[in-house]
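Q: There's a structure below that I have some questions on.
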Amino acid sequence: MNEEKPYVELLLSSANPHTSFLSLSQTILEADAIQENEKKHLLHKVVDAYEEICQYSCR
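Quick note: the sequence shown uses the working numbering, first residue 46, plus one each step.
Written out as structure tokens, the structure reads:
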């Protein structure tokens, strides 16, 4: 797995990246063990990854 873009690879390896994006985002939001500032950081990475895979699919 690409150490720099693990979420891109994770979403691209999914049968349905759009559903995986939603599920992963929801899991992060609902995780009680993750502090709010870390949730924001993780969600930002997931959104960036989703935007990148959307660019792949638009080509």
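For every residue, glycine included, the Cβ atom is placed at its ideal position computed from N, Cα and C.
Tell me the DSSP secondary structure of ILE79 in three-state form.
A: Start at 1 with the first residue of the sequence shown, and residue 79 comes out as number 34. Coil at ILE79, not helix or strand.
Q: Hey, LEU55 and SER70: beta-carbon distance below 8 Å or not?
A: In the sequence shown, counting from the first residue as 1, residue 55 sits at position 10. In the sequence shown, counting from the first residue as 1, residue 70 sits at position 25. Not closer than 8 Å, so no.
Q: According to DSSP, is ALA60 helix, strand or coil?
A: By 1-based counting over the sequence shown, the position of residue 60 is 15. Residue state, collapsed to three classes: coil.
Q: Report all residues from its chain with a CB closer than 8 Å to the CB of ILE73; omit the five preceding and five following residues, and keep chain order.
A: The sequence position of residue 73 within the sequence shown is 28, counting from 1. The answer, listed in chain order, is ILE79, LYS84, LEU87, LEU88, VAL91.
Q: Taking Cβ to Cβ, would you say ILE98 is nearer than 8 Å to LEU67?
A: Here residue 98 refers to the residue found at position 53 when the sequence shown is read from its first residue. Here residue 67 refers to the residue found at position 22 when the sequence shown is read from its first residue. Going by C-beta atoms, ILE98 is not nearer than 8 Å to LEU67.
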